[in-house]
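Number of protein chains: 2
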Amino acid sequence: MVRKPATLKDVAALANVSRATAARALNSYGYVGDETAQKVQAAAEKLGYRGNRLAQALRSGQLPIVGCILGDIQNPFFARIAHDIEVLARECGHNLVIGSSEEELAQEISLLASLRSLSIRGFIVAPTSQGNNAHLQGLIDENVPLVLIDRVAEGVDCDSVVVDNEGGARKAVEYLIGMGHTRIGLLQDDMRIFTSRERRSGYRSALAAAGIAADDRMVAVSQSTVEHAVDATIRLFSQKSPPTALFTVDSLMTQGALLAFRSMGVSIPHDVSLIGFDDFNLATFTDPQITVVSQPVSEIGRAAARVLFERLAGKDEAPQKIRFETKLIVRGSVSRRSGV
Amino acid sequence: MVRKPATLKDVAALANVSRATAARALNSYGYVGDETAQKVQAAAEKLGYRGNRLAQALRSGQLPIVGCILGDIQNPFFARIAHDIEVLARECGHNLVIGSSEEELAQEISLLASLRSLSIRGFIVAPTSQGNNAHLQGLIDENVPLVLIDRVAEGVDCDSVVVDNEGGARKAVEYLIGMGHTRIGLLQDDMRIFTSRERRSGYRSALAAAGIAADDRMVAVSQSTVEHAVDATIRLFSQKSPPTALFTVDSLMTQGALLAFRSMGVSIPHDVSLIGFDDFNLATFTDPQITVVSQPVSEIGRAAARVLFERLAGKDEAPQKIRFETKLIVRGSVSRRSGV
DNA sequence: AGACGATGTGAGATCGATCTCACATATATT
DNA sequence: AATATATGTGAGATCGATCTCACATCGTCT
Numbered sequence: 001m002v003r004k005p006a007t008l009k010d011v012a013a014l015a016n017v018s019r020a021t022a023a024r025a026l027n028s029y030g031y032v033g034d035e036t037a038q039k040v041q042a043a044a045e046k047l048g049y050r051g052n053r054l055a056q057a058l059r060s061g062q063l064p065i066v067g068c069i070l071g072d073i074q075n076p077f078f079a080r081i082a083h084d085i086e087v088l089a090r091e092c093g094h095n096l097v098i099g100s101s102e103e104e105l106a107q108e109i110s111l112l113a114s115l116r117s118l119s120i121r122g123f124i125v126a127p128t129s130q131g132n133n134a135h136l137q138g139l140i141d142e143n144v145p146l147v148l149i150d151r152v153a154e155g156v157d158c159d160s161v162v163v164d165n166e167g168g169a170r171k172a173v174e175y176l177i178g179m180g181h182t183r184i185g186l187l188q189d190d191m192r193i194f195t196s197r198e199r200r201s202g203y204r205s206a207l208a209a210a211g212i213a214a215d216d217r218m219v220a221v222s223q224s225t226v227e228h229a230v231d232a233t234i235r236l237f238s239q240k241s242p243p244t245a246l247f248t249v250d251s252l253m254t255q256g257a258l259l260a261f262r263s264m265g266v267s268i269p270h271d272v273s274l275i276g277f278d279d280f281n282l283a284t285f286t287d288p289q290i291t292v293v294s295q296p297v298s299e300i301g302r303a304a305a306r307v308l309f310e311r312l313a314g315k316d317e318a319p320q321k322i323r324f325e326t327k328l329i330v331r332g333s334v335s336r337r338s339g340v
Numbered sequence: 341m342v343r344k345p346a347t348l349k350d351v352a353a354l355a356n357v358s359r360a361t362a363a364r365a366l367n368s369y370g371y372v373g374d375e376t377a378q379k380v381q382a383a384a385e386k387l388g389y390r391g392n393r394l395a396q397a398l399r400s401g402q403l404p405i406v407g408c409i410l411g412d413i414q415n416p417f418f419a420r421i422a423h424d425i426e427v428l429a430r431e432c433g434h435n436l437v438i439g440s441s442e443e444e445l446a447q448e449i450s451l452l453a454s455l456r457s458l459s460i461r462g463f464i465v466a467p468t469s470q471g472n473n474a475h476l477q478g479l480i481d482e483n484v485p486l487v488l489i490d491r492v493a494e495g496v497d498c499d500s501v502v503v504d505n506e507g508g509a510r511k512a513v514e515y516l517i518g519m520g521h522t523r524i525g526l527l528q529d530d531m532r533i534f535t536s537r538e539r540r541s542g543y544r545s546a547l548a549a550a551g552i553a554a555d556d557r558m559v560a561v562s563q564s565t566v567e568h569a570v571d572a573t574i575r576l577f578s579q580k581s582p583p584t585a586l587f588t589v590d591s592l593m594t595q596g597a598l599l600a601f602r603s604m605g606v607s608i609p610h611d612v613s614l615i616g617f618d619d620f621n622l623a624t625f626t627d628p629q630i631t632v633v634s635q636p637v638s639e640i641g642r643a644a645a646r647v648l649f650e651r652l653a654g655k656d657e658a659p660q661k662i663r664f665e666t667k668l669i670v671r672g673s674v675s676r677r678s679g680v
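Order-wise, the sequence lines are chains A and B. Counting along the first sequence from 1, when you hit position 273 you're at 273 in our numbering, and nothing is skipped either side. Counting along the second sequence from 1, when you hit position 142 you're at 482 in our numbering, and nothing is skipped either side.
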């Protein structure tokens, strides 16, 4: 047997009142007689009336859903953020739609278009691309709240939550330099990605400050997956004079580097020192434990959601640009290098 | 400047036709003159008309969204599943709403109610509870497609995708027994959870088949988080005659056990053998690598989504009960025990 | 007594897209 | 020439909830 969900009309009919009166009773606005209100409540109860959020949304123009477009939910960094956003959204009576851009601009654009046609109230996006942000600008033009996370997009003036990528990377590389390293490798992500660029810039400025010449042979570019990072690391360390230390720009790549070193029989920190951006669960499982620059992952999603809901509540001030600090966590994967 | 999205009415006005004709031209049904169709297309293009899926959904009664209620997106097992579902949903022109029950029945119920009032087309749920499934039965009564994953719910007759938990657990414990272990510990999750019960049952039947008496002191119950698992493991191994081998029922608990052993100075596999249910990325990062019973994680989400979309396409056959096999992956965390 | 405000209710419009139906024309068939 | 049939188009209903407005019916105050 297929029951249809009860509508307001059904409730009104059962309570012997008009739809208007039923609506007043259920949403408590306007004048309603006590007795009438009771009748309506009882009828609603009896029919299991739940209201149709779709119809409400059509009328009000907005669905109580926020959209979230991330690079990849499987990346623990984004998973954590998604979780935090979901919790906060629920507290605010909203649901969360999740989409994964898989770091493809085209995918990001099409997802956004698809979600916009749902009259979703606001978005949290980790933009794939630096330029080409007409789709994001479009949101702003139509006054749809948008919060960027992890990355900012050029020319798009809106709220954002990021970390100090450049400073974090610099801290990491300065630490390596302080430990006597001069041939410092960089394993970085696709240059389209904001964090990758910023972290590389921190790497370079630390080298420059120490008077170490930049050397392209010390830099490997890979996609942000464990598998690609393994290959890139092997390539980087198969040169005749390989780096003595490696800085990796995210946790998946750090893990890839670890696997690569193991397969090459390279011992950490004896043969090579390693330091990664973004802490990860199992950084303390390895022997030695991995030294990392950690970012406050648990803050990012919450901050973004908080800002978004402030906007939804009508806050109309200049965009907030939140930027969290990073922290160097020294463990055991970096060794002092004396002379060459 | 705040632009409003263009409506069909706007397009019709610009093209100098009625709304009905505009709709026909854009959705290509019924008779439309060639010239008229062109005009409408051009007008739609010019206004950037995108259609309002909310209005369409109100009329058709269904929003092109599928809902997904999982235990926790942060668990890599669920993250993987969510990702696979999202990809398949997108291919089918649907979006994905994600909710986390946090293993609380009340949360699961309220989330489901909230999503149902959105007229969402179908659901994929990992049910928290065994009994008390009126909320799930309610979906079936109203003919809303439902696919259960990872767990089944008593008395709810619908599609499901699970793995052979009992068989997998038995394989693991039989392997330990074959390696000469008799004092085999079990680190398990909350008994409310289906997989936890099934895996314990496999553990017990393997012991029974080998004539080993069940011993409650060999069993520790914990929540499925790394932190709780650490504590539970420490308790379990602080007894005067602790187990010589441990079977953990999920990957987070395996990781917790690893950390606990490290902090207790217990060496694997020399002092204690370890085998976990569910493979995880970093099982091969440790030394030794961890022996596990793996489940085909990449199949589960895809299978569930495929079944769901078949239902949405109108398939009306008996519920499919898909059950994947597990595989014992022998690595280095179990050692042979000769005598006691 | 007449007027005014407070209280309670229902009819109907609205949100945007779609679909049925009726009404046109044009072409084909007997 | 008369009737079918094909082809185009628009008016209006519909989905469900909400809101405005008009219309009641009270009581209260001058």
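From the three backbone atoms N, C-alpha and C, an ideal C-beta is built for every residue, glycine too. Remember, it's a predicted structure, so these values are computed and weren't measured experimentally.
Compare the C-alpha of residue i against each of the options and name the closest.
i, options, result
"B:K379", "B:I438, B:A365 and B:V427", "B:A365"
"B:N505", "B:Y543, B:V566 and B:V484", "B:Y543"
"B:Y389", "B:G401, B:I409, B:A363 and B:V406", "B:A363"
"A:F247", "A:E317, A:A106, A:R199 and A:L115", "A:R199"
"A:L47", "A:S333, A:T7, A:A153 and A:I109", "A:T7"
"A:F78", "A:S251, A:I290, A:Q255 and A:R323", "A:S251"
"B:R523", "B:R557, B:T624, B:V503 and B:A360", "B:R557"
"B:L455", "B:I409, B:A422 and B:T468", "B:I409"
"B:I630", "B:K661, B:I413, B:S673 and B:V351", "B:S673"
"B:S581", "B:G525, B:V566 and B:A550", "B:G525"
"B:A645", "B:C432, B:A549 and B:P628", "B:C432"
"B:T468", "B:L479, B:A658 and B:S441", "B:S441"
"A:H181", "A:R19, A:P5, A:R337 and A:K4", "A:R337"
If the criterion is Cβ atoms closer than 8 Å, does the pair residue i and residue j meet it?
i, j, result
"A:H187", "A:A220", "The sequence given here has Leu at residue 187 of chain A, not His. Cβ atoms of A:L187 and A:A220: closer than 8 Å."
"A:S341", "A:A232", "Nothing can be reported for residue 341 of chain A: it is not among the residues displayed for chain A, which extend from 1 to 340."
"B:G462", "B:V484", "yes"
"A:L118", "A:L63", "yes"
"A:V147", "A:I124", "yes"
"B:A466", "B:D490", "yes"
"B:I640", "B:V437", "no"
"B:S638", "B:D481", "no"
"A:V249", "A:D189", "yes"
"A:Q130", "A:A153", "yes"
"B:T626", "B:L598", "yes"
"B:G616", "B:T594", "yes"
"A:E103", "A:G71", "yes"
"A:A55", "A:L14", "no"
"A:V163", "A:Q295", "yes"
In or out: residue i buried (at least 16 other Cβ within 10 Å) or exposed?
i, result
"A:M191", "exposed"
"A:K171", "buried"
"A:H270", "exposed"
"A:Y29", "exposed"
"A:V330", "exposed"
"B:N367", "exposed"
"B:S536", "buried"
"B:R651", "buried"
"B:A422", "buried"
"B:D656", "exposed"
"A:R59", "exposed"
"A:Y175", "buried"
"B:A643", "buried"
"B:R293", "Nothing about residue 293 of chain B can be read from this structure; chain B reaches only from 341 to 680."
Within the same chain, show all residues whose beta-carbon is closer than 6 Å to that of residue i, passing over the 5 residues directly before and after it, in chain order.
i, result
"A:S263", "none"
"B:H568", "S562"
"A:A89", "V66 and L96"
What residues in its chain sit with their C-beta under 8 Å from that of residue i, if we drop five residues either side in the sequence?
i, result
"B:K507", "With the sequence shown as reference, residue 507 of chain B is identified as Gly, and Lys is not the correct amino acid for it. So the qualifying residues of the chain are G542, E665 and T666."
"B:I449", "H475"
"A:P76", "S251, F280 and N281"
"A:V11", "A22, L26, V40, A43, A44, L47 and Y49"
Output needed for residue i: all residues of its chain with C-beta closer than 7 Å, excluding positions within five of it in sequence on either side, in chain order.
i, result
"A:A214", "R204 and L207"
"B:T376", "V357, T361 and A365"
"B:F534", "Q470, R491 and V492"
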